[in-house]
Every structure is written in structure tokens, then in C-alpha cells.
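Undergrad: Next up is a structure, given as C-alpha cells.
Residue numbers (our numbering): 64 to 298.
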């Protein structure tokens, strides 16, 4: 297998919940294709738009900055995206299909979260046809999303045939290869699985995660969600 074919048959990597520019830059150096910035005040990883801008300014162009929102309005998301320098947004609540369409028409890559054991569930994918990709995980714990809970990752394979998919929930360097084999996603999203504490990344664990993913194949060419081709270039 050539290097170029290996590159397109292993998933992209999104490291979520960054709070410091130096750690975001180190995650990029370790192999991240995207970094996630949380704009949800109850989260211990939540940032202001100005703090997020300090992070996005240090990222190389190949790394896509993604803002994570929960039930925010169109105007709020667009304003934060402009200030923070976001190129993609992840909607992690009960957002409507029409909001997805409006945000995409505003030039953003839009990732809609769907939940194995909650709403909107996997069956809602057709309603959110305007989404650039779907992030799939389970609900549980005090915050929206997976709260580091592993789940039946193979259930995600029901969507990976027809849609670009990001797998999330309970992933870490030790189990990510097995999860990819079960779900065959185009990308993986990891937060607490590579942390020392909420919002503080363990860079050696990020590097170990990237090495494990680089050794894992999904059996087809991946659909680029972040780069190249998924996130538009900075202007």
C-alpha cells in the first residue's frame, strides 16, 4: 500500500475541547486535522470568542477550527464564527434542519450531532440532508453528548455508507482502532480520551492516538470532512 493510498483510507482526526493556544498547536503538530472549540458555558472547556481567536491564529492552514454549539441561534453562531475565526461548526443540541441550511449558506461547514440513544437519533439523518457531515455518539452524563462513554460503535456503520461520518464517544489511543474497524467512519472526534483534566490535553496521548489511527484502515477512500476539501481555505 502506498503512502498516498494509506492517507485516504484512514480517518481524519478532530481533537475537541482545546483551551490553550500552545496545546492546540501541539495537537496540530501531532497529526490533528481539526480542533474543536466549545461555546457552551456549562462545559468546563467553554471559551469566549476572543479566547478562541487566540487559538485559531496559531493553527496551520491545513487544520480546521470547529466551533461546538448547543441550541444557539443563527446570529449568535455566525457572530462567534466571525470573531473566533471558525471555518466549521458542530451543532450538538436540538437544532433544526433549517438552521443547518442557513449556516451552510453562510459559508460554514456544518456538522450535526446525532445520538445512538437520544434525539435527534440516527434515523433523523435524512431530515438534516444539508449537513456537511454527521457526528455520531451516545448520550449520557451531565452534558450534551457522550461524556466519554463508550457505546455500540458498530451501529454507526448504518450511516457511513451514504453519509460522511465522524465517530465520537469514549475513544482513546487504546480502543480507537477497534472502534474504527466497527464503524468505518471518515473521521474520529476525541476529547477526554486524550486529556489530563478537562480542557488540558496530554500531547503524548494525542500522538499515540494519531499513530493508532494511521495504522487503521476503513476499507474505502474516506470522504474529507475537514481538510483537504472539507473546510474551505482561509480568506
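From the three backbone atoms N, C-alpha and C, an ideal C-beta is built for every residue, glycine too. Fair warning: this is a prediction, and the values are worked out from it, not measured in the lab.
Could you compute how far the alpha carbon of residue 90 sits from the alpha carbon of residue 115?
TA: Against the chain shown, residue 90 aligns to sequence position 27. Against the chain shown, residue 115 aligns to sequence position 52. Computed Cα separation, rounded: 15 Å.
Undergrad: What is the rounded straight-line gap between the Cα of residue 94 and the Cα of residue 119?
TA: On the chain shown, position 31 is the one that residue 94 refers to. On the chain shown, position 56 is the one that residue 119 refers to. Cα-Cα distance, rounded: 16 Å.
Undergrad: Pairs of beta-carbons, one from the segment 133-140 and one from the segment 185-200, closer than 8 Å: are there three or more?
TA: Contact between the segment 133-140 and the segment 185-200 is absent, because fewer than three Cβ pairs lie under 8 Å.
Undergrad: Whole-angstrom Cβ separation of residue 107 and residue 227, contact assumed at under 8 Å?
TA: Taking the first residue of the chain shown as position 1, residue 107 is located at position 44. Taking the first residue of the chain shown as position 1, residue 227 is located at position 164. Incorrect: roughly 29 Å between the Cβ atoms, too far for contact.
Undergrad: For residue 237, does the three-state DSSP call read helix, strand or coil?
TA: Position 174 of the chain shown, counting from 1, holds the residue named residue 237. Here residue 237 sits in coil by DSSP.
Undergrad: Just how far apart, CA to CA, sit residue 175 and residue 266?
TA: As a first step, residue 175 is located in the chain shown; it is residue number 112 there, counting from the start. As a first step, residue 266 is located in the chain shown; it is residue number 203 there, counting from the start. Going from the Cα of residue 175 to the Cα of residue 266 covers about 27 Å.
Undergrad: Please report the residue range of the alpha helix (DSSP H) in which residue 166 lies.
TA: The residue given as residue 166 occupies position 103 in the chain shown. Start and end: 160-168.
Undergrad: Distance, Cα to Cα, residue 112 vs residue 285?
TA: For the purposes of this step, residue 112 is taken as residue 49 along the chain shown, with counting starting at 1. For the purposes of this step, residue 285 is taken as residue 222 along the chain shown, with counting starting at 1. Distance between the alpha carbons of residue 112 and residue 285 is about 31 Å.
Undergrad: Tell me whether the beta-carbon of residue 245 lies closer than 7 Å to the beta-carbon of residue 221.
TA: Sequence index remark: in the chain shown, residue 245 carries index 182 (1-based). Sequence index remark: in the chain shown, residue 221 carries index 158 (1-based). Going by C-beta atoms, residue 245 is not nearer than 7 Å to residue 221.
Undergrad: By a C-beta neighbour count over all protein chains shown, 10 Å radius and 16 as the cutoff for buried, is residue 157 buried or exposed?
TA: In the chain shown, the residue the question calls residue 157 occupies position 94. Residue 157 should be labelled exposed.
Undergrad: My understanding is that residue 276 touches residue 73, with C-beta atoms under 8 Å, so please give their C-beta distance in whole angstroms.
TA: Taking the first residue of the chain shown as 1, we reach residue 276 at position 213. Taking the first residue of the chain shown as 1, we reach residue 73 at position 10. Yes, they are in contact, since the Cβ atoms of residue 276 and residue 73 sit about 6 Å apart, within 8 Å.
Undergrad: Rounding to the nearest angstrom, what Cα-Cα distance links residue 268 and residue 274 in this structure?
TA: Residue numbering aside, residue 268 sits at position 205 when the chain shown is read from its first letter. Residue numbering aside, residue 274 sits at position 211 when the chain shown is read from its first letter. Approximately 10 Å, taken between the alpha carbons.
Undergrad: Alpha carbons only, please: which of 281, 79 and 123 is nearest the one belonging to residue 110?
TA: Here the question's residue 110 lines up with position 47 in the chain shown. For the residues 281, 79 and 123, the minimum Cα distance to residue 110 belongs to 79.
Undergrad: In the DSSP output, which residue or residues are listed as bridge partners for residue 232?
TA: Numbered from 1 along the chain shown, position 169 holds the residue referred to as residue 232. Note: residue 232 sits in no beta bridge, so no partner.
Undergrad: Please return the same chain residues whose Cβ sits closer than 7 Å to the Cβ of residue 188, not counting the five positions on each side in sequence.
TA: As a first step, residue 188 is located in the chain shown; it is residue number 125 there, counting from the start. Cβ within range, chain order: 177, 197, 222 and 226.
Undergrad: Identify every residue that forms a DSSP beta bridge with residue 99.
TA: Numbered from its first residue, the chain shown carries residue 99 at position 36. 79 and 129, per the DSSP bridge assignment.
Undergrad: If you drop the 5 nearest sequence neighbours on each side, which residues of the same chain put their C-beta closer than 7 Å to that of residue 184?
TA: Reading the chain shown from its first residue, position 121 is the one you call residue 184. If we look at residue 184 and ignore the five residues flanking it on each side, its Cβ neighbours are 177 and 178.
Undergrad: Figure out for me which residue from 149, 271 and 154 has the closest Cα to the Cα of residue 170.
TA: Sequence index remark: in the chain shown, residue 170 carries index 107 (1-based). For the residues 149, 271 and 154, the minimum Cα distance to residue 170 belongs to 149.
Undergrad: Compute the Euclidean distance between the alpha carbons of residue 104 and residue 282, then round it to the nearest angstrom.
TA: In the chain shown, counting from the first residue as 1, residue 104 sits at position 41. In the chain shown, counting from the first residue as 1, residue 282 sits at position 219. Roughly 39 Å separates the two Cα atoms.
Undergrad: Residue 236: buried (16+ other C-beta within 10 angstroms of its C-beta) or exposed?
TA: For the purposes of this step, residue 236 is identified with residue 173 of the chain shown, where counting begins at 1. With 16 or more other Cβ atoms within 10 Å, it is buried.
Undergrad: Rounded to a whole number of angstroms, what is the C-alpha to C-alpha distance between residue 242 and residue 144?
TA: Residue mapping note: residue 242 aligns to position 179 of the chain shown, counting from 1. Residue mapping note: residue 144 aligns to position 81 of the chain shown, counting from 1. So the two alpha carbons sit approximately 31 Å from each other.
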